[in-house]
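When we follow our numbering, the leftmost residue of the sequence shown carries the number 1047, and every step to the right adds one.
Ideal Cβ positions, reconstructed from N, Cα and C, are used throughout, including at glycine.
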Amino acid sequence: MKTSVALKTSIKPSTDKEHIMIEQTLTQLRQLKLSGMANALASQIEQPGTYEALSFEERVQLLTDSEQLDRNRRKQQRLLKAARLKIDANPKAIDYQHPRGLQQAMMAKLLQLEWMNKNQNLLITGPCGSGKTYIACALAHAACMKGYRVKYNRLSRLCWNRLRAKPITVIAKPCKHSQNSSASLWMTGTGAT
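Here's what the structure looks like:
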């Protein structure tokens, strides 16, 4: 969002000094990598009627909330990119009507990721074309949204790495430094991979 556009509103600074101060503030926020806060401030300047009635504290709270949301969004995007998932699977798009015996209640429980918090593993099995990869990627997507680092790997590749005496990749572990848990998601099928 360009600052020059934001300053052409009715809350436009009355003096050149105020204009320079706002420009410097926006520049400093971006230099400090507080882009969410800078964009929210520019939005407040663009929409004066929306924010005039709020107190200083309320406006600062809106700025910090915006920064937090922006950081969370960027973190989730970074985690999804690093996961290198084979399919862009969304847990909300899982088809439970397909005759593969997938129970919605069981998937809802798995999507809560309690099994990861308990350091349990998950093995997904089924015939070729039954949606194992999609389900695994949907679970990995849900883990990324909750702040877990995820790495997509097929079971055959993990076994091959093990045979070559390389450490097996941990599929998902929390990014939070306070927790020290890890869990694995395994997937195998009866068809060719």
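If you check the beta carbons only, do residue i and residue j fall under 9 Å apart?
i	j	result
Tyr-1184	Ile-1140	For clarity, residue 1184 is Ala in the given sequence; the question names Tyr instead. Yes, they are a contact pair.
Gly-1172	Lys-1164	no
Asp-1116	Gly-1082	yes
Tyr-1198	Lys-1132	yes
Tyr-1194	Met-1162	yes
Leu-1080	Glu-1113	yes
For the putative contact between residue i and residue j, defined by C-beta atoms under 8 Å, what is the C-beta separation to the nearest angstrom?
i	j	result
Leu-1125	Val-1196	7 Å
Tyr-1180	Ala-1135	5 Å
Arg-1146	Ser-1176	5 Å
Exercise for the section: Specify whether the segment 1087-1094 and the segment 1140-1158 touch according to this definition: at least 3 beta carbon pairs, one from each stretch, less than 8 Å apart. Expected result: no
Handout entry: Any 3 or more C-beta pairs closer than 8 Å across the segment 1103-1110 and the segment 1073-1088
Key = yes
Exercise for the section: Kindly confirm or deny that the segment 1184-1202 and the segment 1118-1128 touch, where touching means at least three C-beta pairs closer than 8 Å. Expected result: yes
Handout entry: Complete alpha helix (DSSP H) runs within the segment 1093-1128 (minimum length 4 residues, chain order)
Key = 1094-1097
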